[in-house]
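Report on one structure; see the data block that follows.
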Amino acid sequence: MAKSKKLNTQGFNTFKNNAFITKTSEETRALGKQFASVLKSGDIIFLKGDLGSGKTTFAQGVVRAFGNKGFAKSSSFMLVNEYDAADLKLFHLDLYRLQPSTVWSIGIEEYIYSENISLIEWADKLIGAENDNQWSVEIENTGSERKIKIEKKK
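Residue 12 is where the sequence shown starts when you use our numbering, and the numbers rise one by one after that.
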């Protein structure tokens, strides 16, 4: 079994083509929190993985890193959860319930092309924004662990 890779956050290249292993939800949140240290205004993060893989758990770590005391919830029923983060906002979007043909009709570009940070679950439904994906976080839950690949796209 692979060991968890200790996360070094000295610049965004740290994450380029790196895979990490977490064994608990708290470890997944901790990885999200460490990843948040390299995020900047305007970043778009595509969270990919099957239902229940840990996308929201990872997002909870990112939200905590920006000083939010509350517990980030799945945005499946709200579409967008908005969190204050110092001098910007953090948007957690979940496109699970949307059809790819309707995503752009709801004004989603106002969130993702702002000077804020957008975490997008089920981003594969965001057809036409593939080249705008600045970060890709792919999560695979094998049952006993989560394999998390973090990749810088731009």
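In this text, a Cβ means the ideal position worked out from N, Cα and C, and glycines have one as well.
Legend entry - the segment 149-165 / the segment 123-133 touching (three or more Cβ pairs under 8 Å): no
Inset, instruction - Use the C-beta contact count for Leu101: other C-beta atoms within 10 angstroms, 16 or more gives buried, fewer gives exposed. - result: buried
Inset, instruction - Using a Cβ cut-off of 9 Å (strictly closer), state whether Ile32 contacts chain D. - result: Included in the structure is just one protein chain, with no chain D present.
Legend entry - Beta-carbon proximity check, Ser147 vs Lys160, cutoff 9 Å: yes
Inset, instruction - Taking only the alpha-carbon atoms, compute the straight-line gap between Ser61 and Tyr94 and give it to the nearest angstrom. - result: The question names Ser, but residue 61 is Asp in the sequence shown. Rounded to whole angstroms, Asp61 to Tyr94 spans 25 Å at the Cα level.
Inset, instruction - Specify the secondary structure class of Lys181 as computed by DSSP and reduced to three states. - result: The structure shown does not extend to residue 181, since the chain spans only 12 to 165, so no value can be given for it.
Inset, instruction - Compare the C-alpha of Thr33 against each of Gly65, Glu120, Val49 and name the closest. - result: Gly65
Legend entry - Which listed residue (Val91, Leu42, Arg157) has its alpha carbon closest to that of Arg108: Val91
Legend entry - Span of the beta strand (DSSP E) around Tyr94: 91-96
Legend entry - Span of the beta strand (DSSP E) around Ser129: 128-132
Legend entry - Neighbourhood of Glu156 by C-beta distance below 7 Å, restricted to the same chain and skipping five residues each side: Ile32, Thr33, Lys34
Legend entry - Cut-off 7 Å between Cβ atoms - residues of its own chain near Lys164, not counting five sequence neighbours on either side: Asn144, Gln145, Trp146, Ser147
Legend entry - For Ser155, the three-state DSSP class (helix, strand or coil): coil
Inset, instruction - Could you tell me the distance, in whole angstroms, from the CA atom of Ala76 to the CA atom of Ser36? - result: 16 Å
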